[in-house]
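Asker:
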Amino acid sequence: MTKKILILPGDGIGQEIVAEAVKVLNTLKQKFNLAVEMTHGLVGGAAYDKTGSPLPQETLDQAKQADAILLGAVGGPKWEPLDISVRPEKGLLGLRAGLGLFANLRPAILYPQLADASTLKPEVVSGLNIMIVRELTGGIYFGQPRGVRTLENGEKEGFNTLVYRTSEIERIAKVAFDIARKRNGRVCSVDKANVLECTEHWRNVVIETHKAYSDVQLSHMYVDNAAMQLVRAPKQFDVIVTTNMFGDILSDEAAMLTGSIGMLPSASLNASGQGMYEPIHGSAPDIAGKNVANPLATILSVAMMLRYSLDEAALAERIEEAVSWVLDEGLRTADIYSAGMTKISTSEMGDAIVDALVA
Ligand code: NAD
Numbered sequence: 019m020t021k022k023i024l025i026l027p028g029d030g031i032g033q034e035i036v037a038e039a040v041k042v043l044n045t046l047k048q049k050f051n052l053a054v055e056m057t058h059g060l061v062g063g064a065a066y067d068k069t070g071s072p073l074p075q076e077t078l079d080q081a082k083q084a085d086a087i088l089l090g091a092v093g094g095p096k097w098e099p100l101d102i103s104v105r106p107e108k109g110l111l112g113l114r115a116g117l118g119l120f121a122n123l124r125p126a127i128l129y130p131q132l133a134d135a136s137t138l139k140p141e142v143v144s145g146l147n148i149m150i151v152r153e154l155t156g157g158i159y160f161g162q163p164r165g166v167r168t169l170e171n172g173e174k175e176g177f178n179t180l181v182y183r184t185s186e187i188e189r190i191a192k193v194a195f196d197i198a199r200k201r202n203g204r205v206c207s208v209d210k211a212n213v214l215e216c217t218e219h220w221r222n223v224v225i226e227t228h229k230a231y232s233d234v235q236l237s238h239m240y241v242d243n244a245a246m247q248l249v250r251a252p253k254q255f256d257v258i259v260t261t262n263m264f265g266d267i268l269s270d271e272a273a274m275l276t277g278s279i280g281m282l283p284s285a286s287l288n289a290s291g292q293g294m295y296e297p298i299h300g301s302a303p304d305i306a307g308k309n310v311a312n313p314l315a316t317i318l319s320v321a322m323m324l325r326y327s328l329d330e331a332a333l334a335e336r337i338e339e340a341v342s343w344v345l346d347e348g349l350r351t352a353d354i355y356s357a358g359m360t361k362i363s364t365s366e367m368g369d370a371i372v373d374a375l376v377a
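According to this note's numbering, the sequence shown holds residues 19 to 377 in order.
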């Protein structure tokens, strides 16, 4: 059955990098019989300029009907003076909430060819391949009550609530265990169960959920230790599953181990496997429109889409192999360039991946 993909380029380099990912999708359609139908929509500043909203109802409706969404990036200085309610970032948050995208998958992969890009020693990070599964719609970012109140003595107090229901923990744990089954079969659940009752509950529910996954190895780690282990010996991890806030912090830390923001994809999934796929970087206004941005994070997001929403794991692997092949050939966009390599543009990188796919 033909699957529907909604393409949302967004702002800044979003337009350029998504165009290259669409080239790749078209190649898969034409040469490998991938049965997909693509429609384009508006989100972010681009949507605000045309409709007055960063997430027009039409886009949300298109997103709900799609099997998968490919998003470039949103935001930029042009829209910063706007009221917060219509800023481009609201478009992203609205899509996450509107589709119930509770599972955020952030791989931190360091291709051996780029080991020098990391600030850590090559032997510590070369070949790194971690999957961080972050809970995205619950926890302290959404818990009620929240706010800033004035106490009787006139002093002000800010407060937030960390809260997780059993069902919210179960569903994210299942995502992590299912993914581990397709990888190296190990899950590390990160919490602060020694101090926070909510994450003690988290740990207990993860242990309970694990009973249906005896083929997966489960370990637990406190978040402070996990932050340390990620820079000490990151290759010990396969899949990490954690709360919204811990995942926010640890996934950025893990991404930076690789030193190449232009290489990292992400996925956000809901209960029915519908997903939104996007590079982890932003709209990079400093290089927008110059044909120099690295499109590989977006192209690798297409690989994640094939694996997690379109049930096309073999084609996902083909894209990942094509990326590896292009790096072996010494082809580099400016952000990952080093002496002795061949510097190429955004569109040349897209073409090189297409060539590698059909070679
Ligand atoms: P950014 O990720 O856009 O850029 C940070 C740095 O990395 C810049 O120097 C940029 O040139 C470089 N960079 C990013 N992606 C690159 C790529 N593919 N190839 C080569 N270099 C790349 O972060 P920022 O500068 O903090 O934010 C810029 C805008 O993007 C802001 O409006 C911000 O709100 C928005 N943003 C959006 C998202 C998103 O859409 N998911 C995420 C982060 C930031």
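Virtual Cβ for every residue (Gly too), placed ideally from N, Cα, C.
For I337 and T316, I'd like the C-alpha separation in whole angstroms.
Answerer: 11 Å
Asker: Since P5 sits in a beta bridge, which residues does DSSP pair it with?
Answerer: Given a span of 19 to 377 for the chain in the structure shown, any question on residue 5 remains unanswerable.
Asker: In chain order, what residues of the same chain have a beta carbon less than 6 Å from the beta carbon of A331, not counting five sequence neighbours either side?
Answerer: Cβ neighbours of A331 beyond the five flanking positions: R325.
Asker: Cβ of L345 within 7 Å of any heavy atom in ligand 1?
Answerer: no
Asker: Any heavy atom of ligand 1 closer than 7 Å to the CB of G280?
Answerer: yes
Asker: Is it right to say K210 is buried, meaning 16 or more other beta carbons lie within 10 angstroms of its own, or is it exposed?
Answerer: Answer is buried; the Cβ neighbour count reaches 16.
Asker: Run through the DSSP bridge pairs and tell me what G176 is partnered with.
Answerer: Looking at the DSSP assignment, G176 forms a beta bridge with V166.
Asker: Could you tell me if M149 is buried or exposed, where buried requires 16 or more neighbouring beta carbons within 10 angstroms of its beta carbon?
Answerer: buried
Asker: How long is the line joining the alpha carbons of D329 and E366, rounded to whole angstroms?
Answerer: 29 Å
Asker: Using 8 Å as the threshold, is the region 137-146 in touch with the region 180-187, meaning 3 or more CB pairs across them?
Answerer: no
Asker: Using a threshold of 8 Å, state whether the C-beta atoms of F120 and L154 are closer than that.
Answerer: yes
Asker: Enumerate in chain order the residues of its own chain whose CB-to-CB distance from L333 is below 7 Å, with the five nearest sequence positions on each side excluded.
Answerer: L46, F50, L52 and L324
Asker: May I ask whether a heavy atom of ligand 1 can be found less than 7 Å away from the beta carbon of I127?
Answerer: no
Asker: Alpha carbon to alpha carbon, how far is G358 from S327? Give it in angstroms, no decimals.
Answerer: 38 Å
Asker: Decide yes or no for the touch test of the region 195-214 against the region 253-267: beta carbon pairs closer than 8 Å, at least 3 of them.
Answerer: yes
Asker: Could you compute how far the alpha carbon of H228 sits from the alpha carbon of K192?
Answerer: 8 Å
Asker: Between which two residues does the beta strand (DSSP E) harbouring D209 extend?
Answerer: R204 to D209
Asker: Measuring only from the beta carbon, is D304 closer than 7 Å to any heavy atom that is part of ligand 1?
Answerer: yes
Asker: Grab me the residues of A133's own chain with a C-beta within less than 7 Å of its C-beta, minus the 5 sequence neighbours each way, in chain order.
Answerer: P140, V143 and S144
Asker: When you compare only the Cα positions, how much space is there between L100 and Q48?
Answerer: Distance between the alpha carbons of L100 and Q48 is about 42 Å.
Asker: If we count the other Cβ atoms within 10 Å of its Cβ and call it buried at 16 or more, is Q75 buried or exposed?
Answerer: Label assigned to Q75: exposed.
Asker: Pop quiz: P283 and P125 are said to be a contact at Cβ under 8 Å. What is the actual Cβ separation, rounded to whole angstroms?
Answerer: 7 Å
Asker: Here's a check: name, in chain order, each residue in its chain whose Cβ is nearer than 6 Å to the Cβ of I279, leaving out the five neighbours to either side.
Answerer: H299
Asker: Output the distance between the C-alpha atoms of S286 and K174, rounded to the nearest integer angstrom.
Answerer: 37 Å
Asker: Using the Cα positions of G13 and S136, report the straight-line distance between them to the nearest angstrom.
Answerer: The question about residue 13 has no answer here: the residues shown for the chain are numbered 19 through 377.
Asker: Name the one or two DSSP bridge partners that S237 has.
Answerer: C206
Asker: If you follow the alpha helix (DSSP H) that P106 is part of, which residue opens it and which one closes it?
Answerer: First-last of the alpha helix (DSSP H) with P106: P106 to L117.
Asker: Return the Cβ separation of A302 and G30 in integer angstroms, given the expectation that the two are a contact with Cβ distance under 8 Å.
Answerer: 6 Å
Asker: Please identify the residue among A37, L60 and Y129 whose C-alpha is closest to the C-alpha of K253.
Answerer: Y129
Asker: Can you grab the Cα-Cα spacing for the pair K41 / L375, in whole Å?
Answerer: 11 Å
Asker: Using a Cβ-based criterion (distance less than 7 Å to any ligand heavy atom), does A332 qualify as near ligand 1?
Answerer: no
Asker: Just the Cα atoms here: how many angstroms apart are N212 and E218?
Answerer: 7 Å
Asker: Any idea if E186 is buried or exposed, counting beta-carbon neighbours within 10 angstroms, 16 or more meaning buried?
Answerer: buried
Asker: Rounding to the nearest angstrom, what Cα-Cα distance links L43 and M56 in this structure?
Answerer: 9 Å
Asker: Go to A133, then tell me how far its alpha helix (DSSP H) extends in each direction, as first and last residue.
Answerer: Here A133 belongs to no alpha helix (DSSP H), and DSSP marks it neither H nor E.
Asker: Spatial neighbours of L349 within its chain, please: C-beta separation below 8 Å, excluding the five flanking residues on both sides.
Answerer: M359, T360, I362, E366, M367 and A370
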